[in-house]
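Notes follow once the structure below has been shown.
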Amino acid sequence: VPASSSVDEMQEFAVNIHLQPDRPVAAIQFDLSYDSELVSVVSVSEGEFLRQDGALVWFNPGQIESSNGMINSVYGLILDKTTVTEPGSFAIIQMTAGNTSDISSLSLSNVLVSDAQGQIIPADIVNGSITVGYVASSSTRSSSSNSDSDETNYRAGVISTTGGYDEEFEIVERSTKAVYLGSQVSYQFDEQENPIMYINYESLTNAGNVLAKIEVLKQTSLPISSPPGVVYKNMNIWLGRPGYATASNMKDPVIGFRVDRSWLEENRISDSSIMMYRYDQGKWEPLSTNKINEDSSYVTFEAETSVFSTFAIVGEISEDMTIITEVDDTPAEVESLDQNAAFILCLSMILLLFARRH
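Next comes the structure, spelled out in structure tokens:
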């Protein structure tokens with residue numbers, strides 16, 4: 010993607026706003042500024058990015074303010090709760106160069122990218138520029154069209170959702186399975202920092218290779234509110250391509266996870282209060298969660314879900330745990346005293362019998 014491109018004076022050209030996602034995307038918006046003395050905007054139209062999987066999309070071309078050199082509030086939203094993951098052109102801006110030679114910056118602002126739950130996805134922005142006519146310091150002209158064409162297409166704005174994620178995740182773990190009709194699918198996860206142990210379900214379709222990805226977060230993603238209770242771990246769980254993880258493709262999906270026993274003790278949390286929550290349509294929904302096993306290090310649970318998105322494992326502080334610890338110490342002392350008294354009584358009786366015989 011060139012940082013700058015060149016066009017002739019009075020030439021028509023198109024600027025593509027390109028998006029490169031590293032996770033499912035459902036909505037985008039942006040503003041764009043340019044030098045109105047050098048170029049003018051003719052129209053804004055939708056690219057193929059949001060519709061690449063046949064989704065139903067609402068697209069708003071925004072408002073063109075020619076005098077200020079601004080395009081405001083261009084946005085697109087997938088309406089049927091599917092998402093897209095492949096890169097593509099989100100918007101195509103038709104422009105015309107003026108009759109003055111110089112360089113116009115093309116600067117994106119107010120950029121928001123979100124997933125199907127409305128969660129904002131951090132993004133890196135690559136702005137561009139257009140050199141009109143001959144400028145001594147301009148670079149070699151770059152074009153994706155035929156040399157005989159009057160219109161040139163450029164990627165002068167790139168939105169990438171790859172930036173900043175390594176800092177947000179404790180760990181990302183992936184597993185791929187071959188999924189066929191009637192198969193019992195089981196994804197196993199082994200990383201120590203990952204509380205998710207497995208994802209199980211029965212396949213209702215031939216899906217081929219299906220990827221499961223666990224993203225363990227360092228904290229609850231902004232701008233999502235914190236779930237109720239004390240949070241053990243936050244995570245994103247993605248399964249398959251957008252639109253795959255539905256009731257028509259899978260039966261009885263469950264998530265197996267574990268909680269460190271030392272965390273329970275340090276936070277005075279009873280394992281009976283542990284729940285998995287899923288963030289859905291702006292709120293946290295509790296999932297049916299059952300304890301299935303325990304050992305000296307971990308307590309293992311299983312939660313039922315019909316959707317894979319953002320999750321949290323939480324518990325409730327139990328004041329009773331402190332009381333139980335104090336009560337447990339008392340009987341031990343009483344028992345010790347009772348044993349000592351019985352020993353002294355027996356010894357006294359033996360001495361008394363011995364004295365009578367002599």
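Take any residue in the sequence shown, count from 1 to its spot, add 9: that is its number in the working numbering.
Note that the Cβ used here is the ideal one computed from N, Cα and C, for glycine as well.
Beta carbon of THR94: closer than 7 Å to some heavy atom of the ligand SAM?
Looking at this structure, you won't find the ligand SAM or any other ligand, since it has none at all.
From GLU57 to THR94, what distance separates their C-alpha atoms?
C-alpha separation (whole angstroms): 12 Å.
Thinking C-alpha only, which one of ILE73, VAL53, GLU182 and PRO131 is nearest ALA221?
Cα-wise, what sits closest to ALA221 is GLU182.
Are the CB atoms of MET285 and LEU213 nearer to each other than 8 Å?
No, Cβ-Cβ distance for MET285 and LEU213 is not below 8 Å.
Taking all protein chains shown into account, do 16 or more other C-beta atoms lie within 10 angstroms of the C-beta of TRP67, making it buried, or fewer, making it exposed?
Label assigned to TRP67: exposed.
Short of 6 Å in beta carbon distance, which residues of its chain neighbour TYR368, apart from the five on each side in sequence? Order them along the chain.
Nothing about residue 368 can be reported from this structure: the residues present for the chain run from 10 to 367 only.
Round the Cβ separation of GLY71 and ASN81 to the nearest angstrom and send it over; I've been treating them as touching at under 8 Å.
The pair is a contact, with the Cβ atoms about 5 Å apart (cut-off 8 Å).
Can you pull the DSSP bridge partners for TYR210?
DSSP output for TYR210 lists VAL194 as bridge partner(s).
Does MET19 pass the burial test, meaning 16 or more other C-beta atoms within 10 Å, or should it be called exposed?
Exposed.
For GLY324, tell me which candidate among ILE264, VAL263, LYS242 and VAL225 has the shortest Cα-Cα distance.
Nearest option by C-alpha distance: LYS242.
Do VAL141 and VAL34 have their C-beta atoms within less than 8 Å of each other?
Contact flag unset, no.
Quick check on the burial criterion: 16 or more other C-beta atoms within 10 angstroms. Buried or exposed for ASP124?
That one is buried.
From the DSSP output, in three-state form, read off LEU220 for me.
In this structure, LEU220 counts as strand in the three-state DSSP scheme.
According to the neighbour-count rule (16 or more other Cβ atoms, all chains shown, within 10 Å of its Cβ), is PRO236 buried or exposed?
Classification of PRO236: buried, given that the 10 Å Cβ count is 16 or more.
By the DSSP assignment, the alpha helix (DSSP H) with ARG60 in it spans what residues?
Careful: ARG60 lies outside any alpha helix (DSSP H) and carries neither H nor E.
Determine the contact status of ILE283 and SER327, defining contact as a CB-CB distance below 8 Å.
No, the Cβ-Cβ distance between ILE283 and SER327 is not below 8 Å.
Considering only the beta carbon of each residue, do ASN218 and LEU190 sit closer than 8 Å?
Not closer than 8 Å, so no.
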